[in-house]
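Colleague:
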């Protein structure tokens, strides 16, 4: 018999305010650090910083919510230090809603770098190594100094409590894509047991300041995904996260959402872990997805790619020689200097000259584009015009 | 007989508004892009960007004036491109006063890296090479792609006109420190002839939008410095710049200022090229120096050093382990988030984690500190309390 405590979240709320005929929904997600409209996008501040941007610049780009990674922070500077400094919100000067993940994804992607490659692009931390996975947890070496560390449900809950984000995530095993159904099933079952351990550990110190998400695993297998979705819905999690390595093809990924849709708890916010290209937003929202996260907008910015509404490939590469003398800004309709004032020629120059300001400008632009996308997606859900909006953003 | 044209600067003005008993002076320097109070500090935007900061962030740190380097911009993106994009102000979105240098310093420091080392700290551009110096000019290879380039007074004036900064500088030879008096004299004489060629070239296209500075050279030799100061004062330059490799010892450097002081044109702004530690400001202002420039505030920031008023060595190193759990901000009296809101512990973490935001925060802080210093220096000149202020900034 599984054991898990009963848990209430008096300071959290998720209200579905509109359901569209295509399955998409509008909502309001309330946390102790404010409410955000959904669907929404959670930007990645991996090591307690959105790379190249200050919190003010994130707000200027109309950001509602960010996340940080328990795995990176447990290694540097350590959860104890963040707690001593008043928690992650104060530490990084972000006063809005925030999420941390469990650390599991990064730990397991060491053992299966192809998993990270699938979800996030090549992402191997040099010097990382996963030493051992057992029922108890995962043992690994820190990428900074090689010291041996342990991550398991109890430790992850403790770390995430010390970090103090509003939304936190159960410890799970992120099952690789290229494994057998048998392995996937066993892994999913362990993630369920780890879910119950996460709930038990969470409940012991729960003071109402954090909301815990369960994670749906089960790989690319319909029966396993359904089983996992039912498990998460049956437990007192505040939210549902869809995780795992989601297949090699887009259709496979969206198929997984379809299988889970009717089994996810209908009154809880649903987060799609690590996914967030523009086309993914349009495809996933009709399956009831409420929040997304992905390093894409900020990562591609540092390689010179600016997201552009109406571009068939979602983005342009500012390193391309044709932008050398392009006097036009990235998107004058976005009301921030990064998008409105600098010419593409100037940003092209900054990249060619190796100037850090290039990263700042394009990162802020990409964040502003995604936030504009999410505002327009919410409006389109209300007006039942999502298909039309998709064509505006990604013409074929 | 030297030949040089008569030149007026109807859109420029320099008013000395107060002369203190110690020789320091207050003034107002007016350019087509606005007026600034002097003494003031010109921050280095070498490649058309203050490293890691946007123009808005420079303004937030109360910056009045910046510079950019003709040498770097002639190589990448090229002066023609900047002109085509509407000039440097528009290109980099800085609408305040701006200076460019002639490019000479960087070209000659290739042949004499010790010169750059003296003034700016180690600064060797890998792959650079000075091919030839003749009366005609200097031939060198671009550090980017090895193509052969020429810099001489006519070319420098043409480049600086295309860039379009308010204040521009004559082409000179930056004489190395470790050379004979004979070499220094010959070099200085060539710089004078280049000064006249600069004036002649400048005058041909002068449309009132730029003010030209002459450069005092002469190394560490009193008679040469005086000769050079007299030359610059005798020619229709808008401003006076004190250049060259200024000796190995601080006292030698300040001695040079003393020799020139009575010979510099009394009604023109005096710029001290490439010098700008906090102690230099206090030492140089009594010799009538009106503006400074140095990469120091922005460069040391990227290595983790934050300028601190009242610290005997002017700065602290945030990488030091003692800041790991320091909850205090850098300087709460500075009214910007970079100095007021983030803890030293957070900035320490960002450096340890290799996060670019560290550079942005400390760079903006250092710029704000220097701008505060200059405000306080101006107030102290007015109140005749400069010695007292120096003790507040740099206690012994």
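Residue numbers (the working numbering), protein chains in the order written: chain L, -16 to 379; chain C, -16 to 379.
Positions of the beta carbon are idealized from the N, C-alpha and C atoms, including for glycine.
Keep in mind it's a predicted model, so treat the numbers as computed, not measured.
(1) Restricting to Cα atoms, I'd like to know which of 132(L), 127(L), 355(L) is closest to residue 114(L).
(2) Among the candidates 57(L), 59(L), 28(L), whose CA atom is the shortest distance from the CA of residue 46(L)?
(3) Out of 194(L), 258(L), 218(L), which has the shortest C-alpha to C-alpha gap to residue 225(L)?
(4) Would you mind telling me which residues of chain L sit closer than 8 Å to residue 35(C), beta carbon to beta carbon, in chain order?
(5) Please return the same chain residues whose Cβ sits closer than 8 Å to the Cβ of residue 118(C), not counting the five positions on each side in sequence.
(6) May I ask you to report which of helix, strand or coil DSSP gives residue -2(C)?
(7) Any Cβ of chain L within less than 7 Å of the Cβ of residue 74(C)?
(8) Measure the alpha-carbon distance for residue 314(L) versus residue 202(L) and round it to whole angstroms.
(9) Taking the Cβ atom as the reference point for each residue, do residue 193(L) and residue 151(L) lie within a distance shorter than 7 Å?
(10) Can you name, in chain order, every residue of its own chain whose Cβ lies under 7 Å from the Cβ of residue 1(L), other than the five neighbours on each side?
(11) Are the CB atoms of residue 149(C) and residue 15(C) within a distance shorter than 7 Å?
(12) Quick check: residue 139(C) and residue 51(C), are their CB atoms within less than 7 Å of each other?
(13) Mapping the DSSP letters down to three states, classify residue 166(C) as helix, strand or coil.
(14) Just verifying my parser: in three-state terms, what is the DSSP assignment at residue 254(C)?
(15) Straight-line CA distance for residue 197(L) to residue 349(L)?
(16) Where does residue 327(C) sit, in a helix, a strand or coil, going by DSSP?
(17) In chain order, what are the residue ranges of uninterrupted beta strand (DSSP E) at least 3 long that sit wholly in the segment 176 to 255 of chain C?
(18) Under the criterion of a Cβ to heavy atom distance below 6 Å, does residue 322(C) qualify as lining the ligand SAH?
(19) Just how far apart, CA to CA, sit residue 13(L) and residue 301(L)?
(20) Taking 7 Å as the cut-off, decide whether the C-beta atoms of residue 17(L) and residue 80(L) are in contact.
(21) Apart from the five residues just before and just after residue 3(L), which ones in its own chain have a Cβ nearer than 6 Å to its Cβ?
(22) Compare the beta carbon distance of residue 246(C) and residue 297(C) with 7 Å and say whether it is the shorter of the two.
(23) On the DSSP bridge list, what partners appear for residue 265(C)?
(24) Apart from the five residues on each side of it in sequence, which residues of its chain come closer than 6 Å, Cβ to Cβ, to residue 41(L)?
(25) Closer than 8 Å is the cut-off here; do at least three beta carbon pairs connect the segment 305 to 320 of chain C with the segment 341 to 359 of chain C?
(26) Over the uninterrupted beta strand (DSSP E) stretch that includes residue 10(C), give me the two end residues.
(27) Is there a C-beta anywhere in chain C that falls below 7 Å from the one on residue 368(L)?
(28) What number of angstroms, rounded off, separates the C-alpha of residue 215(C) from the C-alpha of residue 162(C)?
(29) So who's on the other strand from residue -14(L), going by DSSP bridges?
(30) Could you tell me whether any Cβ in chain L is nearer than 7 Å to the Cβ of residue -2(C)?
(31) What residues from chain C crowd round residue 64(L), counting only those whose CB sits closer than 8 Å?
(32) 7 Å is my cut-off, CB to CB: does residue 32(L) come that close to chain C?
(33) So is residue 383(C) buried or exposed if we call it buried at 16+ other beta carbons inside 10 Å?
(34) Between residue 68(C) and chain L, is the shortest Cβ-Cβ distance under 7 Å, so that the two count as touching?
(35) Mind checking the segment 121 to 151 of chain L against chain C and listing, in chain order, the residues whose C-beta falls within less than 9 Å of any C-beta there?
Modeller: Looking at the coordinates:
(1) The candidate whose alpha carbon is nearest that of residue 114(L) is 132(L).
(2) Taking only the C-alpha atoms, the option nearest residue 46(L) is 28(L).
(3) Nearest of 194(L), 258(L), 218(L) to residue 225(L), Cα basis: 258(L).
(4) The answer, in chain order, is 339, 340, 343.
(5) Within the same chain, Cβ atoms closer than 8 Å to the Cβ of residue 118(C) are found at 173, 176, the five residues on either side in sequence being excluded.
(6) In the structure shown, residue -2(C) sits in a strand (DSSP, three-state: E or B).
(7) Yes, residue 74(C) counts as interfacial toward chain L.
(8) Taking the straight line from one Cα to the other gives about 39 Å.
(9) The Cβ-Cβ distance between residue 193(L) and residue 151(L) falls below 7 Å.
(10) Excluding positions up to five away in sequence, the list reads 8, 9, 364, 365.
(11) Yes.
(12) Going by C-beta atoms, residue 139(C) is not nearer than 7 Å to residue 51(C).
(13) Residue state, collapsed to three classes: helix.
(14) Correct three-state label for residue 254(C): strand.
(15) The C-alpha of residue 197(L) lies about 29 Å from the C-alpha of residue 349(L).
(16) Helix at residue 327(C).
(17) Those beta strand (DSSP E) runs which fall completely within the segment 176 to 255 of chain C and span 3+ residues are 194 to 199, 222 to 225, 253 to 255.
(18) Within the structure as shown, the ligand SAH is missing, as the structure has no ligands at all.
(19) Going from the Cα of residue 13(L) to the Cα of residue 301(L) covers about 38 Å.
(20) Against a cut-off of 7 Å, the Cβ pair of residue 80(L) and residue 17(L) comes out as a contact.
(21) Here the set comprises 364, 367.
(22) Result no, Cβ atoms of residue 246(C) and residue 297(C) do not sit closer than 7 Å.
(23) As DSSP reads the structure, residue 265(C) sits in no beta bridge.
(24) Around residue 41(L), the same chain offers 33 as residues with beta carbons nearer than 6 Å, after the five sequence neighbours per side are excluded.
(25) Yes: at least three Cβ pairs fall under 8 Å.
(26) 8 to 14 is the span of the beta strand (DSSP E), which, as asked, contains residue 10(C).
(27) Interface residue (Cβ-Cβ distance to chain C less than 7 Å): residue 368(L) is not classified as such.
(28) Rounded to the nearest whole angstrom, the C-alpha separation of residue 215(C) and residue 162(C) is 23 Å.
(29) In the DSSP output, where bridge partners are listed per residue, residue -14(L) has none listed.
(30) Among the residues facing chain L, residue -2(C) is not included, as its CB has no counterpart in that chain under 7 Å away.
(31) At a C-beta separation below 8 Å, residue 64(L) has these neighbours in chain C: 307, 308, 328, 332.
(32) Cβ-Cβ to chain C under 7 Å: yes for residue 32(L).
(33) The requested residue 383(C) does not occur in the structure, where chain C is confined to residues -16 to 379.
(34) Under the Cβ criterion of 7 Å, residue 68(C) is counted among the residues facing chain L.
(35) Those would be 127, in chain order.
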